[in-house]
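273 is the number that our numbering gives the last residue of the sequence shown; the numbers go up by one with no jumps.
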Amino acid sequence: MSLSHARSLRPSRSLCVALVLMPVLGVGTLAACDAARASASQERPVRVGLGSADGQPTVQAGDRLQVSAHGGVLTEVTVTDPRGRQLVGGFSQGGTVWTSRAKAAPDTKYSVLARTRSPQGGTSEAKESLTTGKVVKRNRLTISPRPHGEVVDADDPITLTFAFPVRNRAAVERRLEVTTDNGTEGGWTWETSRGGRDRIIWRPEQAWKPGTAVTLRAELNGVDSGGGRFFTKDYGLRFTVGRSPAVRADLDSDAYITPGLGLTPALWQGPGG
């Protein structure tokens, strides 16, 4: 064998150094992994709390639901009732609190899904549920017109008459919506019936056009009409506007209502007249 060949089998200095350092690097890598595991084990999970917006731990009918995160932030909150309808809400306090804009309905089970993120970037989710209590005092309403065959006269307004006084009129009116298939404009006005009952009436700005399809949505379930008297259901109405009757008697004003002319005084004819 030549000398040069023998030297070729001898490990170089750089290779020896590398071989010596390899175990050291291995120990360092294991130490780093152990530190990462220790850090992960020390990361505290984000706690999710439920309650009402006024700070009470229980949620009653008419309360706004509040979801809070402790030790992290909320990234998503979904609250649904048994019919799949969601309570819309928004975040505040840097994403640590979510509050519903709509009020909770009575005797309803809500499912809550909350997704969170920790300061270290870890994500998790929590699923909770709660059921609101039943109400003792209820309000209800009746709607007119009551269409016969879903067709009503062209001069009939939409009237909602309440069984009990409505003190929170603004809260009730916000949950009422009238839509038409031709964009008919109109508005609500509050009145008191002769029997002393509160009622709200929607009248078009112009007379109904025959053939207009009208839909009323009164999503009042869970609304406090005042004094803790709640509505416990939603209401609705659909009808089509027919043609105005030629003449309709208005006995209260001793007059006739003639299309295009308004009130026309009634003519009294005595015997033989």
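Ideal placement from N, C-alpha and C gives every residue a C-beta, glycine not left out.
Just so we're clear, the structure is a prediction, and the values are computed from it rather than from any experiment.
Ranges of the alpha helix (DSSP H) found wholly within the segment 62–111, counting only runs of at least 4: none
query: Grouping DSSP H, G and I as helix and E and B as strand, with all else coil, what is residue 171?
result: helix
field: Other residues of its chain near residue 115: CB distance less than 6 Å, five sequence neighbours each side excluded
entry: 75, 76, 125
- prompt: Would you call residue 83 buried or exposed, if buried means 16 or more other Cβ atoms sit within 10 Å of its Cβ?
  reply: exposed
- prompt: Under a three-way DSSP split, which group does residue 233 fall into?
  reply: coil
- request: Enumerate in chain order the residues of its own chain whose CB-to-CB distance from residue 161 is below 7 Å, with the five nearest sequence positions on each side excluded.
  value: 141, 142, 193, 197, 199
message: Tell me which residues share the same chain as residue 178 and place their Cβ nearer than 6 Å to its Cβ, disregarding the 5 neighbours each side in the sequence.
response: 202, 216
task: Throw me the rounded Cβ distance for the residue 182 and residue 209 pair, which I believe falls under 8 Å.
output: 7 Å
message: Determine whether the beta carbon atoms of residue 109 and residue 64 lie at a separation below 8 Å.
response: no
- prompt: Would residue 230 pass as a contact of residue 53 if the rule is Cβ separation under 8 Å?
  reply: no
As assigned by DSSP and simplified to three states, the class of residue 139: strand
- prompt: Between which two residues does the beta strand (DSSP E) harbouring residue 127 extend?
  reply: 123–131
field: C-beta contact flag for residue 274 and residue 171 at 8 Å
entry: Residue 274 cannot be examined here, being either before or after the span of the chain that is shown, 1 to 273.
- request: Return the chain-ordered list of same chain residues with a C-beta closer than 6 Å to the C-beta of residue 123, the five sequence neighbours on each side being excluded.
  value: 117
field: Host beta strand (DSSP E) of residue 220 (start-end)
entry: Element bounds for residue 220: n/a, residue is neither H nor E.
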